[in-house]
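Student: Once you've had a glance at the structure underneath, I'll fire off some questions.
Protein chains: 2
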Amino acid sequence: MASPGSGFWSFGSEDGSGDPENPGTARAWCQVAQKFTGGIGNKLCALLYGDAEKPAESSGSQPPRATSRKAACSCNQKPCSCPKAEVNYAFLHATDLLPACDGERPTLAFLQEVMDILLQYVVKSFDRSTKVIDFHYPNELLQEYNWELADQPQNLEEILMHCQTTLKYAIKTGHPRYFNQLSTGLDMVGLAADWLTSTANTNMFTYEIAPVFVLLEYVTLKKMREIIGWPGGSGDGIFSPGGAISNMYAMLIARFKMFPEVKEKGMAAVPRLIAFTSEHSHFSLKKGAAALGIGTDSVILIKCDERGKMILSDLERRILEAKQKGFVPFLVSATAGTTVYGAFDPLLAVADICKKYKIWMHVDAAWGGGLLMSRKHKWKLSGVERANSVTWNPHKMMGVPLQCSALLVREEGLMQSCNQMHASYLFQQDKHYDLSYDTGDKALQCGRHVDVFKLWLMWRAKGTIGFEAHIDKCLELAEYLYNIIKNREGYEMVFDGKPQHTNVCFWYVPPSLRVLDNNEERLSRLSKVAPMIKARMMESGTTMVSYQPLGDKVNFFRMVISNPAATHQDIDFLIEEIERLGQDL
Amino acid sequence: MASPGSGFWSFGSEDGSGDPENPGTARAWCQVAQKFTGGIGNKLCALLYGDAEKPAESSGSQPPRATSRKAACSCNQKPCSCPKAEVNYAFLHATDLLPACDGERPTLAFLQEVMDILLQYVVKSFDRSTKVIDFHYPNELLQEYNWELADQPQNLEEILMHCQTTLKYAIKTGHPRYFNQLSTGLDMVGLAADWLTSTANTNMFTYEIAPVFVLLEYVTLKKMREIIGWPGGSGDGIFSPGGAISNMYAMLIARFKMFPEVKEKGMAAVPRLIAFTSEHSHFSLKKGAAALGIGTDSVILIKCDERGKMILSDLERRILEAKQKGFVPFLVSATAGTTVYGAFDPLLAVADICKKYKIWMHVDAAWGGGLLMSRKHKWKLSGVERANSVTWNPHKMMGVPLQCSALLVREEGLMQSCNQMHASYLFQQDKHYDLSYDTGDKALQCGRHVDVFKLWLMWRAKGTIGFEAHIDKCLELAEYLYNIIKNREGYEMVFDGKPQHTNVCFWYVPPSLRVLDNNEERLSRLSKVAPMIKARMMESGTTMVSYQPLGDKVNFFRMVISNPAATHQDIDFLIEEIERLGQDL
Numbered sequence: 005m006a007s008p009g010s011g012f013w014s015f016g017s018e019d020g021s022g023d024p025e026n027p028g029t030a031r032a033w034c035q036v037a038q039k040f041t042g043g044i045g046n047k048l049c050a051l052l053y054g055d056a057e058k059p060a061e062s063s064g065s066q067p068p069r070a071t072s073r074k075a076a077c078s079c080n081q082k083p084c085s086c087p088k089a090e091v092n093y094a095f096l097h098a099t100d101l102l103p104a105c106d107g108e109r110p111t112l113a114f115l116q117e118v119m120d121i122l123l124q125y126v127v128k129s130f131d132r133s134t135k136v137i138d139f140h141y142p143n144e145l146l147q148e149y150n151w152e153l154a155d156q157p158q159n160l161e162e163i164l165m166h167c168q169t170t171l172k173y174a175i176k177t178g179h180p181r182y183f184n185q186l187s188t189g190l191d192m193v194g195l196a197a198d199w200l201t202s203t204a205n206t207n208m209f210t211y212e213i214a215p216v217f218v219l220l221e222y223v224t225l226k227k228m229r230e231i232i233g234w235p236g237g238s239g240d241g242i243f244s245p246g247g248a249i250s251n252m253y254a255m256l257i258a259r260f261k262m263f264p265e266v267k268e269k270g271m272a273a274v275p276r277l278i279a280f281t282s283e284h285s286h287f288s289l290k291k292g293a294a295a296l297g298i299g300t301d302s303v304i305l306i307k308c309d310e311r312g313k314m315i316l317s318d319l320e321r322r323i324l325e326a327k328q329k330g331f332v333p334f335l336v337s338a339t340a341g342t343t344v345y346g347a348f349d350p351l352l353a354v355a356d357i358c359k360k361y362k363i364w365m366h367v368d369a370a371w372g373g374g375l376l377m378s379r380k381h382k383w384k385l386s387g388v389e390r391a392n393s394v395t396w397n398p399h400k401m402m403g404v405p406l407q408c409s410a411l412l413v414r415e416e417g418l419m420q421s422c423n424q425m426h427a428s429y430l431f432q433q434d435k436h437y438d439l440s441y442d443t444g445d446k447a448l449q450c451g452r453h454v455d456v457f458k459l460w461l462m463w464r465a466k467g468t469i470g471f472e473a474h475i476d477k478c479l480e481l482a483e484y485l486y487n488i489i490k491n492r493e494g495y496e497m498v499f500d501g502k503p504q505h506t507n508v509c510f511w512y513v514p515p516s517l518r519v520l521d522n523n524e525e526r527l528s529r530l531s532k533v534a535p536m537i538k539a540r541m542m543e544s545g546t547t548m549v550s551y552q553p554l555g556d557k558v559n560f561f562r563m564v565i566s567n568p569a570a571t572h573q574d575i576d577f578l579i580e581e582i583e584r585l586g587q588d589l
Numbered sequence: 005m006a007s008p009g010s011g012f013w014s015f016g017s018e019d020g021s022g023d024p025e026n027p028g029t030a031r032a033w034c035q036v037a038q039k040f041t042g043g044i045g046n047k048l049c050a051l052l053y054g055d056a057e058k059p060a061e062s063s064g065s066q067p068p069r070a071t072s073r074k075a076a077c078s079c080n081q082k083p084c085s086c087p088k089a090e091v092n093y094a095f096l097h098a099t100d101l102l103p104a105c106d107g108e109r110p111t112l113a114f115l116q117e118v119m120d121i122l123l124q125y126v127v128k129s130f131d132r133s134t135k136v137i138d139f140h141y142p143n144e145l146l147q148e149y150n151w152e153l154a155d156q157p158q159n160l161e162e163i164l165m166h167c168q169t170t171l172k173y174a175i176k177t178g179h180p181r182y183f184n185q186l187s188t189g190l191d192m193v194g195l196a197a198d199w200l201t202s203t204a205n206t207n208m209f210t211y212e213i214a215p216v217f218v219l220l221e222y223v224t225l226k227k228m229r230e231i232i233g234w235p236g237g238s239g240d241g242i243f244s245p246g247g248a249i250s251n252m253y254a255m256l257i258a259r260f261k262m263f264p265e266v267k268e269k270g271m272a273a274v275p276r277l278i279a280f281t282s283e284h285s286h287f288s289l290k291k292g293a294a295a296l297g298i299g300t301d302s303v304i305l306i307k308c309d310e311r312g313k314m315i316l317s318d319l320e321r322r323i324l325e326a327k328q329k330g331f332v333p334f335l336v337s338a339t340a341g342t343t344v345y346g347a348f349d350p351l352l353a354v355a356d357i358c359k360k361y362k363i364w365m366h367v368d369a370a371w372g373g374g375l376l377m378s379r380k381h382k383w384k385l386s387g388v389e390r391a392n393s394v395t396w397n398p399h400k401m402m403g404v405p406l407q408c409s410a411l412l413v414r415e416e417g418l419m420q421s422c423n424q425m426h427a428s429y430l431f432q433q434d435k436h437y438d439l440s441y442d443t444g445d446k447a448l449q450c451g452r453h454v455d456v457f458k459l460w461l462m463w464r465a466k467g468t469i470g471f472e473a474h475i476d477k478c479l480e481l482a483e484y485l486y487n488i489i490k491n492r493e494g495y496e497m498v499f500d501g502k503p504q505h506t507n508v509c510f511w512y513v514p515p516s517l518r519v520l521d522n523n524e525e526r527l528s529r530l531s532k533v534a535p536m537i538k539a540r541m542m543e544s545g546t547t548m549v550s551y552q553p554l555g556d557k558v559n560f561f562r563m564v565i566s567n568p569a570a571t572h573q574d575i576d577f578l579i580e581e582i583e584r585l586g587q588d589l
C-alpha cells in the first residue's frame with residue numbers, strides 16, 4: 005500500500021464536501037492536486053498558478069466558497085510577509101501542515117486562523133449582550149449538520165468551519181451569567197496555560213518526559229498541603245481526573261492502610277468494611293464503593309441537620325452499630341461544601357470521632373477547598389488539618405480550567421505502596437536521575453494528563469491573595485443574592501440563614517401558587533416550576549442556573565457563584581429573568 | 005474584607021518578583037497602580053502616562069526589563085491598531101485581563117503573545133537541528149529557577165517568561181527523533197482542536213453543558229464500533245482518562261455482568277473471581293484488579309511464546325485449574341499490541357475459548373487498535389469483533405494529542421447499569437430534552453474532560469484513509485529499521501522475525517562485548533549498555549528511545565514508531581547515534 009506523499013489520496017470525495025461551487029478548470033485541478041501531500045500538491049498547484057514558492061496562498065484566484073478566509077492582516081507591504089495573509093484554506097489539507105515539507109507557513113497561518121476564532125469566542129464569552137447558550141435539541145443538532153466521519157479528508161476551510169460551528173453551539177461557560185455548575189468562568193491565564201499544556205503534549209508518568217510539570221506538581225501539591233495545615237507541607241498527593249476519582253483514591257488508600265493484603269488478596273481476605281458519609285455528600289462515594297468491590301450497601305449515609313451538616317450523634321451511633329455487627333468502619337468522608345446546600349460538616353468533631361474509633365478521616369473539599377485561600381472564610385474548614393486525606397478541586401471555586409482536581413494525603417509513601425506495579429518499561433531502576441521524581445506508579449492511571457500547569461501559572465499570576473479576593477467576592481455576591489430574595493415576594497428559602505458557601509437554594513413561587521394552601525397539589529405544581537423556568541431559560545439563552553429536588557424538598561433552584569465575571573448586576577438580572585420567565589406559571 | 009477592584013492588593017511584593025530594575029518614578033508608581041484591578045490601575049497609570057484610553061500599552065516609556073515584549077507587528081500604520089503592538093507586560097497583571105473593564109485589548113494582546121510563544125515552539129519541534137530535550141537533573145532545575153508559589157501576584161511579563169522557561173525544558177514530543185513512548189508526534193489539527201477544547205472549558209456529564217461534544221462522542225464511538233466490526237456500530241462506550249482506566253472499566257463491567265449484586269453487596273457476596281491475561285500484557289490489569297478489590301493474585305498471567313503472544317493451551321489449562329479450585333473465571337484480557345514486543349494475541353482462538361467457558365472477552369488494543377484503520381494491517385486484530393469490550397487509545401498509534409482513550413462495549417446499557425447513581429442535581433429526570441444524551445452517569449467520574457473533539461476533528465481532516473496512510477507509513481518505517489539492523493554487526497534482535505507492530509526490540513552490543521562468550525559476565529555488562537546510551541542520549545538531547553528488561557532478557561532497546569514526522573533518515577540517525585554514544589562502552 006502506498007505511503008503518504010506518493011499519491012495515496014483518492015481524488016473523489018465520498019461525502020461531497022470537497023466539491024467547490026462551480027470550480028474553474030485550473031482551480032479544480034489545483035484542488036485535486038492539493039489532495040496530495042504538501043510537496044507534490046504544492047508543486048502541481050504552483051504550476052497552475054505560476055508561483056513556485058507559495059502555491060497554496062494564491063493571490064490571483066477567487067476563493068471557491070463565500071466562506072473562504074480573507075487576509076486579516078492590515079499591513080501595506082507587498083508582498084506581505086504576515087503568515088496569515090491570503091491563504092486559501094479550501095486548497096489546503098492536513099497533509100500540507102507540519103511535518104510536511106514547506107509546511108511551516110501554512111501551519112502558522114492555519115493555527116493563527118484557529119486562534120482568531122478562539123479569541124473571538126473569548127471576547128464574546130464576556131459580552132453580556134451575547135447568549136450564554138444557543139440551545140438546540142439533540143435531534144435538531146444532529147440533523148442540522150453532518151457530523152459523520154468519512155473515509156476522505158476535508159480541506160482546512162471545512163475544518164475551520166467546524167471549529168466555528170462547534171463554538172456556535174457551545175455553552176459559554178465563561179459568560180458572566182453562567183451559574184449552572186460548580187465550575188464556571190474562564191480565566192485568561194489558566195486558558196493560556198492550558199493551550200501551552202496541549203502544545204507540550206506530554207504525560208505525567210516520568211520526569212524523563214515531563215520534567216517541569218513533574219516539578220511543578222511537586223511544588224503545587226506541597227503548597228496545598230501547607231495551606232491545609234500539615235506540618236511543612238509534608239505528605240503526598242496527585243492530580244487526578246476529577247473529584248470522583250480523587251474520592252475513590254481516598255477510599256482505596258484508606259482500605260490499603262488498614263488491610264494492605266487487600267492489594268494481592270482482594271476483598272475476600274478482609275472483613276466487611278464500612279464507610280460513612282452524610283446523606284448530602286457527593287454520589288461519588290457510593291460510585292467509588294461500588295467500583296472498589298466494597299459495595300454501596302457498605303456506605304452508610306449519616307443524617308444531616310436542616311442546614312445540610314452531618315449530625316455527629318448519628319455518625320457515632322452508626323459507627324457503633326457497624327462495630328456491633330462485626331463490621332469494620334474504615335473511612336469517614338466529611339464534606340466541606342456539599343454540592344447542593346454548600347454545607348460544611350463539623351470537621352473538628354468528626355476528627356475527634358475518627359480518632360476515637362481509629363478510622364481514616366477523609367474530607368471531600370472538592371467544592372469548599374477553595375475557601376482555604378481566604379483568611380475570612382477558611383475557619384469553615386477548621387479541622388481539615390486533622391484529615392488523613394483531602395479532595396480539593398481547583399477547577400471549581402478557584403476558577404482553574406477543567407480538569408484540575410487534587411487528592412492530598414497526609415502520610416507519605418502510602419499511595420505508592422498502594423498502587424505501584426513496578427512496570428519495568430516505564431520505571432526503570434537504572435536511570436541516571438533521581439527516581440523519586442518518577443511519580444507515575446502511585447497513580448491508578450498509567451498515562452496521566454498534565455493538569456497542574458494551569459493552576460501553577462494562575463497562582464503565579466494572581467498570588468494567593470488573588471485567589472482570596474476572587475473567593476471573597478463570590479461569597480459576597482452569594483450573600484447579596486440571599487439578602488435580596490430572603491424577604492422578597494414569591495421566594496422561599498430552602499433553608500434558613502446566611503449561606504456558608506456560595507450556594508443559595510430557593511423556590512420561586514409564581515403568583516398563581518402564592519394563594520394556594522401548602523398541600524400536595526401545591527407541592528406538585530411547585531415541583532414543576534423550576535424545570536419549566538430552566539427550559540425557558542435555556543431556550544432564551546440568557547442565563548443558566550441549576551435546580552434539583554433533595555430529600556422531601558421538591559425541585560428548587562440551586563444558585564452557585566464561582567464565576568469571576570459575575571457582578572451584582574448579573575445577580576439582579578438572574579432574579580429578573582426568573583420572574584420574567586416564571587410569572588405566568 | 006475588601007473585594008477586588010477596591011484596592012485589595014498589597015503594594016509590597018513578598019518574593020521580590022514585582023521589583024523592576026531601577027524603576028523611574030513614574031514607572032514605579034505605575035507598577036504599583038497596576039496592582040489594583042483593571043479599572044483603577046489603568047486609570048492611575050493613564051494619569052502618569054497621559055493616555056486615557058490605552059494606559060497599559062505605553063508608547064513612550066522604556067520597558068523596565070530587557071525582556072519586555074517589543075511590537076511584533078510589522079504594519080506601518082500610526083497609530084497601529086494591531087492588538088499586540090507595544091504592550092508593556094511588566095505593567096500588566098492578571099487582573100487587567102478579561103473580565104476586567106477595558107480588559108479586551110490587553111487580553112487579546114496577552115493571548116496573542118502566548119500564541120506566538122507556542123507557535124515558535126511548534127516550529128522548533130519539527131526542526132531537526134533543535135534538541136529533543138534540554139536535559140537537566142531535577143536538582144538543577146529546582147535550583148535554577150524559583151518555582152515557588154507566593155502570596156503576591158506576578159506581572160504578565162513574568163508569566164510570559166514562565167511560559168518560555170517551561171517550554172525551554174519541555175521534551176519536544178513532536179520532534180521527528182522522539183521515539184520514547186507509544187504516544188509521540190504533534191498533530192496540527194489535533195492541537196488546534198485541543199486549544200478549542202480548552203477554550204470551550206466544559207464538562208462531558210450532560211448534554212445541557214456540552215451539546216456538541218456529547219453528540220460528537222456519540223458519533224465517534226459509533227464509528228469506532230463499526231470499525232471493530234460490531235453490527236451497525238451498536239454498543240456502548242466512553243472516552244476515559246487513559247488506557248489503564250479503560251481496562252479497569254472493562255474489568256468492572258465484566259464483573260457486573262456476571263454478578264450484578266456486586267454493586268450493592270461488594271466482593272463479599274460473590275465467589276472468588278479470576279482474570280486471565282498474558283505475561284506480556286499491560287500492568288494496568290493488575291492495577292485494576294487491586295483497585296476493584298479483586299486482588300492481584302487473582303490475575304493469572306498466561307505464558308507467551310517467543311514472539312510475546314499468549315499461548316492458548318496455557319490459557320485453557322489455567323482456566324480449568326481455576327474452575328477446579330471452585331473459582332470463577334470472569335475475564336480474559338487479550339492484548340492487541342503488547343507494550344514491549346508489539347505482539348498480537350490470537351484473538352479468534354481466544355474468542356473460542358471465552359465462548360466455550362462463558363467468560364467476558366476484553367481486548368486491550370490501546371496500542372494496536374490503530375491498525376484497525378489500515379486495510380493492510382487490520383488482519384492482525386481478526387477476532388476483535390467477537391470481544392465484549394475493547395480498549396483503544398487514539399492518542400497512541402493514531403497520533404491524537406493526549407489524552408484520548410476509548411473503552412468500547414458490545415452490550416448497550418451495561419455501563420449505565422453498572423455505574424449509575426442517579427444524582428438528582430445533575431441528571432434531573434424532568435429536563436426538556438432527550439435524556440439519553442446525558443451520558444455522565446455511566447462514567448466512573450463525575451466531571452469528565454472533553455477528549456473527543458481532537459479525535460473527531462483530526463478524523464474529518466485526514467479521513468479514515470489519512471489515518472491509514474499514517475499507520476502504514478509507521479509500520480513500513482519499523483520494517484525498514486528491522487531490515488537494517490537484523491544483520492548489522494553489533495546488533496542482536498530480542499525476537500526473530502519481522503515486527504507485527506512498530507516495536508523493534510534489540511540489543512546494541514558494543515565492540516568490547518562482541519568478543520565475549522555468552523556468559524553471566526557478558527549479560528551483566530550488556531544490561532548496562534542501554535541505560536548508559538540512554539543517559540548519554542538525554543544529555544546530548546539528540547533523540548530519545550526507551551529500553552527495559554523483560555523476563556530473563558536483560559535491558560534492550562524498544563524502538564516504537566508512531567511519530568508522523570519520522571522519516572527513513574531519522575531511523576538512520578537513531579542507529580548512528582546509538583553507535584556514536586555506545587561504541588566505547
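Each protein sequence line maps, in turn, to chains D and C.
Each residue of the first sequence is one higher than the last, beginning at 5 in the working numbering.
Each residue of the second sequence is one higher than the last, beginning at 5 in the working numbering.
Every residue gets a Cβ at the ideal spot worked out from N, C-alpha and C, and that includes glycine.
Treat the numbers as computed from the prediction; the structure is a model and nothing was measured.
Looking at the structure shown, is D/Thr300 part of a helix, part of a strand, or coil, going by DSSP?
Tutor: For the purposes of this step, residue 300 of chain D is taken as the residue at position 296 of the first sequence. Helix.
Student: Could you tell me which chain C residues have their CB closer than 8 Å to the CB of D/Phe568, listed as they occur along the chain?
Tutor: Here the question's residue 568 of chain D lines up with position 564 in the first sequence. Looking at the sequence provided, one finds Pro at residue 568 of chain D rather than Phe. Chain C residues near D/Pro568: Pro103.
Student: Give me the Cα-Cα distance between D/Val454 and C/Pro245, rounded to the nearest whole angstrom.
Tutor: The count along the first sequence starts at 1 and reaches residue 454 of chain D at position 450. The count along the second sequence starts at 1 and reaches residue 245 of chain C at position 241. For D/Val454 and C/Pro245, the distance between alpha carbons rounds to 11 Å.
Student: Output yes if chain C places a C-beta closer than 9 Å to the C-beta of D/Met462; else output no.
Tutor: Position 458 of the first sequence, counted from the start, is the residue given in the question as residue 462 of chain D. Closer than 9 Å to some Cβ of chain C, the Cβ of D/Met462 qualifies, so yes.
Student: So, does the CB of D/His426 fall closer than 9 Å to a CB anywhere in chain C?
Tutor: The sequence position of residue 426 of chain D within the first sequence is 422, counting from 1. Yes, D/His426 counts as interfacial toward chain C.
Student: Do you know offhand how far D/Gly241's Cα is from C/Ser238's?
Tutor: To locate residue 241 of chain D, count along the first sequence from 1; it is residue 237. To locate residue 238 of chain C, count along the second sequence from 1; it is residue 234. In a straight line, the C-alpha of D/Gly241 is about 40 Å away from that of C/Ser238.
Student: Are the C-beta of D/Cys358 and some C-beta of chain C separated by less than 9 Å?
Tutor: Looking up residue 358 of chain D in the first sequence gives position 354. Answer no: the Cβ-Cβ gap between D/Cys358 and chain C never drops below 9 Å.
Student: For C/Asn150, which residues of its own chain have a beta-carbon under 6 Å away from its beta-carbon, when the five flanking residues on both sides are left out?
Tutor: Your numbering for residue 150 of chain C matches position 146 in the second sequence. Taken in chain order, the list of residues that qualify is empty.
Student: Do three or more CB pairs link the segment 127-138 of chain D to the segment 218-235 of chain C at distances below 8 Å?
Tutor: The segment 127-138 of chain D is not in contact with the segment 218-235 of chain C.
Student: Please name the residues in the segment 152-167 of chain C whose beta-carbon is closer than 8 Å to at least one beta-carbon of chain D, in chain order.
Tutor: The segment 152-167 of chain C vs chain D, Cβ under 8 Å: Glu152, Leu153, Ala154, Asp155, Gln156, Pro157, Gln158, Leu160, Glu162, Ile163, His166, Cys167.
Student: Just curious, the beta strand (DSSP E) that D/Ser337 is in, first and last residue?
Tutor: One-based indexing of the first sequence puts residue 337 of chain D at position 333. From DSSP, the beta strand (DSSP E) with D/Ser337 extends over 332-339.
Student: Mind checking whether the beta-carbon of D/Cys105 lies closer than 8 Å to any heavy atom of the ligand HEM?
Tutor: Ligands in the displayed structure: none, and consequently the ligand HEM is not present.
Student: Using 10 angstroms around the beta-carbon of C/Arg379, count the other beta-carbons present and answer buried if the total reaches 16, otherwise exposed.
Tutor: In the second sequence, residue 379 of chain C corresponds to position 375, counting from 1. Its Cβ having fewer than 16 others within 10 Å, C/Arg379 is exposed.
Student: Assign C/Leu96 to one of two classes, buried (16 or more other C-beta atoms within 10 Å of its C-beta) or exposed (fewer than that).
Tutor: Within the second sequence, the letter at position 92 stands for residue 96 of chain C. When all chains shown are included, C/Leu96 counts as buried.
Student: For the beta strand (DSSP E) that contains D/Ala279, what are its first and last residues?
Tutor: Walking along the first sequence from the start, residue 279 of chain D turns up at place 275. Its beta strand (DSSP E) spans residues 277-282.
Student: Please name the residue, chosen from C/Lys360, C/Tyr437, C/Gln504, that lies closest to C/Gly373 on a Cα-to-Cα basis.
Tutor: Working through the second sequence from its first residue, we reach residue 373 of chain C at position 369. Among C/Lys360, C/Tyr437, C/Gln504, the Cα nearest to that of C/Gly373 belongs to C/Gln504.
Student: When the distance is taken between beta carbons, is D/Asn507 closer than 9 Å to D/Ala482?
Tutor: Translated into the one-based positions of the first sequence, residue 482 of chain D becomes position 478. Translated into the one-based positions of the first sequence, residue 507 of chain D becomes position 503. It is a contact, given that the beta carbons lie within the stated cut-off.
Student: State the DSSP-derived secondary structure class of C/Leu305, mapped to helix, strand or coil.
Tutor: On the second sequence, position 301 is the one that residue 305 of chain C refers to. Strand at C/Leu305.
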